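In mature numbering (1 follows the signal peptide of the UniProt record, and there is no 0), the protein residues as written are -23 to -1, 1 to 52.
A virtual CB, placed ideally from N, CA and C, is assigned to each residue, including glycine.
Note that the structure is predicted; figures quoted are calculated from it, not measured.
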């Protein structure tokens, strides 16, 4: 019974691990960073985003900001 449980746990880990290992940090705007007068829609169309990826907003503090909004606040 213990070996069956171990096999199930190992199978779950084997399925979940690749998605975690493939997660990437994506710098929004690339080398331009988070700025004005930049076509982020075109930039995003050239990227492949996966579950687990992290978007990094590189911006000058005090000059730009990034605010996380809830769906209700966004709508």
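By how many angstroms is the C-alpha of residue 33 removed from the C-alpha of residue -12?
-> Within the chain shown, numbered from 1, the residue matching residue -12 stands at position 12. Within the chain shown, numbered from 1, the residue matching residue 33 stands at position 56. Their backbone Cα atoms lie some 29 Å apart in a straight line.
Have a look at 10, 47, 21 and 16 and flag the residue whose alpha-carbon is nearest the alpha-carbon of residue 36.
-> As a position in the chain shown, residue 36 is number 59, starting the count at 1. Out of 10, 47, 21 and 16, 10 has the C-alpha closest to the C-alpha of residue 36.
Can you tell me the Cα-Cα spacing of residue 29 and residue -21, whole angstroms?
-> Position 52 of the chain shown, counted from the first residue, corresponds to residue 29. Position 3 of the chain shown, counted from the first residue, corresponds to residue -21. If you take the alpha carbons of residue 29 and residue -21, they lie about 31 Å apart.
In the DSSP assignment, find the unbroken alpha helix (DSSP H) run with residue 19 in it and report its ends.
-> Looking up residue 19 in the chain shown gives position 42. 17 to 22 is the span of the alpha helix (DSSP H), which, as asked, contains residue 19.
State buried or exposed for residue 5, treating a residue as buried only when at least 16 other CB atoms are found within 10 Å of its CB.
-> One-based indexing of the chain shown puts residue 5 at position 28. The residue is buried, with at least 16 neighbouring Cβ atoms inside 10 Å.
Please classify residue 13: does DSSP put it in a helix, a strand, or coil?
-> What you label residue 13 is simply residue 36 of the chain shown in a count that begins at 1. Coil.
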